[in-house]
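Chains as they are written, first to last, in the working numbering: chain A, 924 to 1388; chain B, 924 to 1388.
The beta carbon of each residue, even a glycine, is placed where N, CA and C say it ideally should be.
Remember, it's a predicted structure, so these values are computed and weren't measured experimentally.
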């Protein structure tokens, strides 16, 4: 503890990681406690603070013109609010027993220790980069940071050829496929799974595949990349699988991310099965009174399955930061968990999910029924009513909602929120059939597609008991 | 009871009213019981069955080209499913003690009695038609039935002048204003209330007014129509209020509707304070084992205030019909009530509400706080992120959500469903701040506007206790 100007105890809050979770926590703590009471020091190893990684595909694709539009708050803005944010400074060790962290100036290499009363870990995630021959060749890009995005845009500007290969067909993969289509590239997506969007059941993933193929994207499913092939200039020229080669002037890796928890592991902090930090409901690292963690480096409780999951999403990171900052600032807040909601799009195809897929339900020990329905985004007679497929899972016997997946056009994606709230509330599909949802012909058929799905799922529960 | 061909008891279900509630009930009962077990006779006094009254403004406005697009199921289609639907046949009396109804052929005037074992009342609502001098003049139109819509379209086709006055600024009024704007009319809306959309609080209604004025609609608020003035040809020429005259080549009445329950009242069936039939949770008319009622002629339980309301909406009528048909067909279903969700639009302005307004909350004896926030439909940096205002009401002390109102552009209206489900589940605004809603930059800011509103409302609850 330090002594403040006023002579009271002045605590120091140290934040590791200058992005969504860490800086939301810092900002919220600052709202609750002024600089006389709480000193806040934050370390960020990169060039940017508080940026929207989720926005990178839209910047690359040209929907967002300026990199800086993705920066929610600059280092200067944080400092103006009395947060001592030290950029290009990497924390290299957490000394839990000593209550201090060691940080290194990335440019000079100089190291020093900083003590803390309270610590927030927001180290984020790192992209999975497969150990493949050629994966580090020029022209192969990840899209995790703004620097990554800029490097990819530089490559696109320099490259004459128009053939792009995207490795991976999850959220990042399909969003990058859209971005490259928008940039005028011939896009091939190489995907290990049977269908794209493994966050959906394969029957719903198949619809995404069909729609992506309809956009002119070449989908190679059930294929593992074995090598990145380079030309005489050392640059990427193709991506090889066991069976084929796909010529590529640029390659984007969208294979997913893992929690960045090396530092935490070295400090002996508890990690879960997915490699993320384990916290309590107040986002405190388990067993540690004065250390919090949030964002892409933690595991979250899935309220439907009761199991921990790793879900790297900016919206969770912001909520974590809010909760951590409230608690570290002397207030009280909790993060009860997630239901696994996610939404994305490829051009005008909207893809959404919440809750459990079939395999998640099986893994959680749940028996379930499913129902899939076709409906439309608006009354069928209203202009631009577009088709929508809704799949619903409910527990056998109880009829409790377990999950919903939606694939459709405009108006499809955010309908998943209805199910997200119903899951949070533990509703049965029978209860859902009575939900009083907004209806008018420009907004919905008289039975909203989610209600139609709930009705069919009720019948499935009745039939299969 | 009749004897069926197979010798068993064959019951007769009589349905009064061939629209959403009645025919949904008939169809669902038919699904559960074949014609050998259950005879179904339905009476409809008009020319059409199962049509979407909610679609009429869009047909008048030209978004829907064909009247028949609004007909969900024709009389022939119903008959093909063994429902004896008798069109142009008006039920003139219900003899509850005798278990029979008297019906009159509208064209021939012939009357006859039909006995029932089970009765469904789906008589709908009738438009409020003010007792004003001139209100029956040619050129003055209601928009409740397809015949009304056709008559209005005929007038529009015949009329040279382009000045339209809409009386009333509720859902029908604003939708008809949009329709007439789309038809190229100069539109004046004369509205008794201080602001349009009295289903919103006035502060939110003011935004609707501003937006409507921005569309070139002349808004006359706080004004009561005293007379419809006619010209030498007997046709409407202007609408008069106490203070002014508004020239009109066509007048549309959009003042609202009342339950059509004269028949039920004459039969001694129980009516509520709003003139609608009172039912139990299975949609049985209270105190009557074998009579059900649903749709615009009943009152519904408001789950938030615990009071009965009259909410004429096709989506409720369909749910009622489904519940009634299930019960009348020997199954079991209930309609637990509503939370008062409604959504509408005027051109690209979306208007939505659910739960209680301030005055509803006061009337229900609730003390509350409110919070209003501005946000956007998508991430701020994403193209076409449009502004959105969300107002939220929560109970003092408990923080229980009481209501939400939203005014905005594309993507605003259906967000109200999040609040509708949360209301149904009895969530607090604090619980809402943790909702796992779909996030990606094309769909939402990282904090969905509903979450932003919930956070601000939490602070209001804390401050005002």
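- In the DSSP assignment, the residues bridged to residue 1064 of chain A are A:1175.
- Annotation: the continuous alpha helix (DSSP H) that includes residue 981 of chain B extends over 979–984.
- Cβ neighbours of residue 1234 of chain B within its own chain (closer than 7 Å, five residues either side excluded): 1223, 1261, 1263.
- Taking 9 Å as the threshold, the shortest C-beta distance from residue 1275 of chain A to chain B falls below it.
- The Cβ neighbour count for residue 1337 of chain A, taken over all protein chains shown within 10 Å, is at least 16; the residue is labelled buried.
- DSSP places residue 1242 of chain A in the uninterrupted alpha helix (DSSP H) bounded by 1237–1251.
- Taking residue 1065 of chain B as the centre and dropping the five residues before and after it, the same chain places the C-beta of 1050, 1052, 1071, 1176 closer than 7 Å to its C-beta, in chain order.
- Excluding its 5 nearest sequence neighbours in each direction, residue 1322 of chain A has C-beta neighbours in its own chain below 6 Å: 1351, 1352, 1353, 1384, listed in chain order.
- Residue 939 of chain A is bridged by DSSP to A:966, A:1044.
- Closest in alpha carbon position to residue 1047 of chain A, among A:1006, A:976, A:997, is A:976.
- For residue 1075 of chain A, the enclosing alpha helix (DSSP H) begins and ends at 1069–1081.
- About 18 Å separates the CB atoms of residue 1105 of chain A and residue 1142 of chain A; that is not less than 8 Å, and the two are not in contact.
- Less than 9 Å separates the beta-carbon of residue 1045 of chain B from that of residue 942 of chain B.
- Interface residue (Cβ-Cβ distance to chain A less than 9 Å): residue 1220 of chain B is not classified as such.
- Remark: C-beta atoms of residue 1364 of chain A and residue 1096 of chain B do not approach each other more closely than 9 Å.
- Straight across, the Cα-Cα distance linking residue 1081 of chain A with residue 997 of chain A is about 29 Å.
- Membership of residue 1379 of chain B in the alpha helix (DSSP H) is indicated by the continuous run 1372–1387.
- Around the beta carbon of residue 1108 of chain B, 16 or more other beta carbons lie within 10 angstroms, which makes this residue buried.
- As a beta-bridge residue in DSSP terms, residue 1323 of chain A pairs with A:1351.
- Among the CB atoms of chain B, one or more fall inside 9 Å of the CB of residue 1363 of chain A.
- With respect to residue 1016 of chain A, residue 1186 of chain A sits close: the two C-beta atoms are nearer than 9 Å.
- Counting along the chain, the unbroken beta strand (DSSP E) around residue 1109 of chain B starts and ends at 1109–1113.
- In the DSSP assignment, residue 1328 of chain B is bridged to B:1276, B:1314.
- Between the alpha carbons of residue 1076 of chain A and residue 985 of chain A lies a gap of roughly 10 Å.
- Secondary structure of residue 1094 of chain B (DSSP, three-state): helix.
- Think of a sphere of 7 Å around the beta carbon of residue 1379 of chain B: no beta carbon from chain A falls inside it, the nearest being about 13 Å out.
- With respect to residue 1250 of chain B, residue 1207 of chain B sits close: the two C-beta atoms are nearer than 9 Å.
- The three-state reading of DSSP puts residue 1282 of chain A in helix, counting H, G and I together.
- Contact with chain B is absent for residue 1130 of chain A, since none of that chain's Cβ atoms lies less than 9 Å from the residue's Cβ.
- Following the DSSP letters along the chain, one finds residue 1132 of chain A inside the alpha helix (DSSP H) bounded by residues 1125–1137.
- At a cut-off of 9 Å between beta-carbon atoms, residue 1050 of chain A makes no contact with chain B.
- When the beta-carbon positions are compared, residue 933 of chain B and residue 1005 of chain B stay at least 9 Å from each other.
- In its chain, beyond the 5 residues on either side, 1314 have a beta carbon closer than 6 Å to the beta carbon of residue 1295 of chain A.
- Looking at the backbone, the Cα of residue 1278 of chain A and that of residue 1039 of chain B are separated by about 47 Å.
- Taking a beta-carbon distance threshold of 9 Å, residue 1370 of chain B counts as an interface residue toward chain A.
- Here residue 1311 of chain A has 1297, 1298, 1299, 1300, 1329, 1330, 1331, 1332, 1334, 1335, 1338, 1372 as same chain residues with Cβ atoms under 8 Å from its own Cβ, once five neighbours each way along the sequence are excluded.
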